[in-house]
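Here's the structure we're looking at; comments come further down.
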Amino acid sequence: MKKTAITLADGRTLRYYDLRDDTPHDTLDPRPLRPDPTTPEIRHDPLLGDDVVIAPHRQARTHHPPPDACPLCPTRPGAAPTEIPAPGYDVVVLDNRFPSLAGDLGRCEVVCFTPDHDASFADLDPERAALVLEAWTDRTAELSALPTVEQVYCFENRGAEIGVTLGHPHGQIYAYPFVTPRTGRVLDRTAAHHRRTGGRNLFDDTLAAELADGRRTVLDGAHWTAHVPHAARWPYEVHLYPRRRVPDLTALGDAARAELPGIQLELLRRFDRIFGPGQPPTPYISAWHQAPARHPLRSEFALHLELFTVRRAPGKLKFLAGSESGMSVFINDVPPEAAARRLREVAST
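To convert a position in the sequence shown, counted from 1, into this note's numbering, add 474.
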């Protein structure tokens with residue numbers, strides 16, 4: 475892997491990740507952009523104890539542009555400049571032009587998986603998927619080392635139903651200046667389980683119980699295992715774990731790292747086959763849950779991928795209505811065992 479960093483016209487950083495060492499990146503950004511001084515605000519909810527980000531400047535972000543005006547495509551000869559000055563690339567990570575978090579309040583980055591506007595992550599070959607993994611790992615290491623960052627979150631939103639505003643295949647990285655509410659709650663549960671069981675790990679015990687049950691297992695590899703959780707919130711939801719617990723992407727061993735691209739691609743391709751032939755691509759969120767950078771229970775946390783869709787049936791979505799949005803009590807119409815069975819049925823042949 476070759477990494478090349480350049481500075482865009484407004485001072486943001488763009489990083490090229492290349493499969494070949496001899497790929498030049500000397501094209502400058504010609505746009506008349508100026509730095510955006512807008513800084514988000516973080517407010518604390520005294521009732522829930524959660525942090526909320528207030529970012530009004532994001533109202534002006536690019537919203538469903540036509541394909542020929544996509545800001546994440548490479549800059550083609552004779553066309554208007556995009557966010558990416560080069561005429562082609564393998565994988566790119568750039569500072570978000572409309573960040574939810576910035577400066578001392580964290581970072582937001584965009585990860586472009588491919589220059590092909592009409593592709594998706596599932597269309598990548600294993601080599602390109604492995605390069606995306608290298609980029610996520612590299613950015614996790616660098617961002618986690620910043621004194622103002624407490625947790626790094628790598629994720630992909632796919633589909634307008636999820637809220638995606640740019641159709642180009644891409645993911646994002648959020649570097650939070652706090653431990654996120656969900657992770658904080660999981661770590662509290664992990665600590666309580668440790669005390670209650672005399673030192674056992676909650677993630678290890680939960681994964682062992684799923685493997686022993688077997689009904690919700692979706693696929694098994696030598697170094698990874700995927701299952702639908704016993705109390706799945708979403709219609710089709712899969713959790714992917716390395717068999718050896720590690721806190722984040724930087725801690726993966728070589729064998730697990732080598733196997734991961736094929737496993738992840740298989741899961742994404744199965745998601746696109748859930749609802750049968752002729753259906754549109756399945757909208758999903760693919761989210762890497764990583765341990766906070768400096769939390770005392772960091773070593774007790776287990777890196778894992780959570781992949782889920784809001785589509786519950788052809789033409790029908792799972793909305794977060796009164797119970798979910800108002801009381802945080804999810805109601806799932808698809809039994810987890812049925813979801814796992816369907817995801818096994820659509821395995822690649």
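Ideal Cβ placement from N, Cα and C applies to all residues, glycine included.
- Looking only at P757, V720, Y627, the smallest Cα-Cα distance to D678 is reached by V720.
- When secondary structure is reduced to three states using DSSP, T611 falls in the helix class.
- About 5 Å separates the beta carbon of V626 from that of L617, a gap short enough to meet the 8 Å contact definition.
- The stretch 678-689 makes no contact with the stretch 619-634; the number of CB pairs closer than 8 Å stays below 3.
- Less than 7 Å separates the beta-carbon of C582 from that of N570.
- CA-to-CA, the gap between P755 and G672 works out to about 46 Å.
- Between V567 and A609 a beta carbon distance of about 5 Å is seen, short of the 8 Å cut, so the two are scored as contacting.
- The C-alpha of Q646 is placed about 12 Å away from the C-alpha of F572.
- Within the stretch 690-728, the beta strand (DSSP E) runs of at least 3 residues that lie entirely inside it are, in chain order, 691-694, 698-701, 710-716.
- In the assembly as shown, Q533 is an exposed residue. Its beta-carbon has fewer than 16 other beta-carbons within 10 Å.
- R690 and R550 have their alpha carbons spaced roughly 47 Å apart.
- In this structure the stretch 732-746 lies against the stretch 594-602, because at least three pairs of beta carbons, one per stretch, are closer than 8 Å.
- L742 carries a helical assignment under DSSP once its states are collapsed to helix, strand and coil.
- In the DSSP assignment, K792 is bridged to no other residue.
- Under the rule that a run must span 3 or more residues, the beta strand (DSSP E) segments found entirely inside the stretch 528-613 read 565-569, 581-586.
- Beta-bridge annotation (DSSP): H644 is paired with C586.
- In the DSSP assignment, L781 falls within the unbroken beta strand (DSSP E) covering 778-783.
- When DSSP states are grouped into helix, strand and coil, A686 belongs to the helix group.
- E515 counts as exposed, since fewer than 16 other C-beta atoms from the protein chains shown sit within 10 angstroms of its C-beta.
- The C-alpha of A700 lies about 10 Å from the C-alpha of E684.
- In this structure D495 is in contact with K476, their Cβ atoms being roughly 5 Å apart against a cut-off of 8 Å.
- In its chain, beyond the 5 residues on either side, L714, Y715, P716, R717, A730, E733, L734, I737 have a beta carbon closer than 8 Å to the beta carbon of W698.
- Each residue's CA atom was taken as its position, placing A483 and P703 some 46 Å apart.
- Short of 6 Å from the beta carbon of P520, and not among the five residues preceding or following it, lies no beta carbon of its own chain.
- Using a Cβ distance threshold of 7 Å, L493 and T611 do not count as a contacting pair.
- By the Cβ neighbour-count rule, E624 is buried, with 16 or more other Cβ atoms within 10 Å of its own.
- In the DSSP assignment, T501 falls outside any alpha helix (DSSP H) and carries neither an H nor an E.
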